[in-house]
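Counting from 5, one number per residue, gives the positions in the sequence shown under the working numbering.
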Amino acid sequence: MLKKKLLLPLVSECISAGFPSPAENYIDTRIDLNEEFIRNPASTFFLRVQGESMSNAGILDGDLLIVDRSLDPQPGHIVVAVLNGCFTLKKLTYRKNIAYLEAEHPSYSAIDLRHYENVQIWGVAIYAIHSLSKTRQRYKQCL
Numbered sequence: 005m006l007k008k009k010l011l012l013p014l015v016s017e018c019i020s021a022g023f024p025s026p027a028e029n030y031i032d033t034r035i036d037l038n039e040e041f042i043r044n045p046a047s048t049f050f051l052r053v054q055g056e057s058m059s060n061a062g063i064l065d066g067d068l069l070i071v072d073r074s075l076d077p078q079p080g081h082i083v084v085a086v087l088n089g090c091f092t093l094k095k096l097t098y099r100k101n102i103a104y105l106e107a108e109h110p111s112y113s114a115i116d117l118r119h120y121e122n123v124q125i126w127g128v129a130i131y132a133i134h135s136l137s138k139t140r141q142r143y144k145q146c147l
């Protein structure tokens, strides 16, 4: 299969999220989002997130998740796991050499993986893509 590049404009200047910096209003180069976000194309998948259990990690309901199955899951990684045939998205942690999957939301308890017969860490989440309007709506709810 031939991989066709999709080159999109990339402004050469970084944008300040603190104090404003002088604007340079020109496009210097182009960026291919495949090259930027997908390191291992044969093992990369997209999943749509459903639910709020990872919202404090910045992963919101409806987000598009980029998952790389070739990465070795490490403690602290947000992983896609299959527990007795059901998919879930949580942070992989260990306590006293016991593996847990932890939500990033106070309403959800940690999942002790010893309670499941069939556990598979399916992949590591590497990016979450969401609309900024969703972020604004969530921020307004917190005020």
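Ideal placement from N, C-alpha and C gives every residue a C-beta, glycine not left out.
Reduced DSSP secondary structure (H/G/I, E/B, other) of residue i
| i | result |
| --- | --- |
| residue 56 | coil |
| residue 106 | strand |
| residue 43 | coil |
| residue 132 | strand |
| residue 96 | strand |
| residue 37 | helix |
| residue 9 | coil |
Bounding residues of the beta strand (DSSP E) (the contiguous stretch that carries residue i)
| i | result |
| --- | --- |
| residue 72 | 68 to 72 |
| residue 63 | Looking at the DSSP string, residue 63 is not in any beta strand (DSSP E), and its letter there is neither H nor E. |
| residue 87 | 82 to 87 |
Strand pairing of residue i, partner residues [DSSP]
| i | result |
| --- | --- |
| residue 116 | 104 |
| residue 78 | Beta-bridge pairing links residue 78 to no other residue. |
Residue i Cβ short of 6 Å to the ligand NAD heavy atom set
| i | result |
| --- | --- |
| residue 129 | The ligand NAD is not among the ligands present in this structure, which contains no ligands whatsoever. |
Segment contact, 8 Å Cβ cut-off, at least three pairs: the segment 67 to 81 with the segment 108 to 117: no
Three CB pairs or more closer than 8 Å across the segment 59 to 69 and the segment 98 to 111: yes
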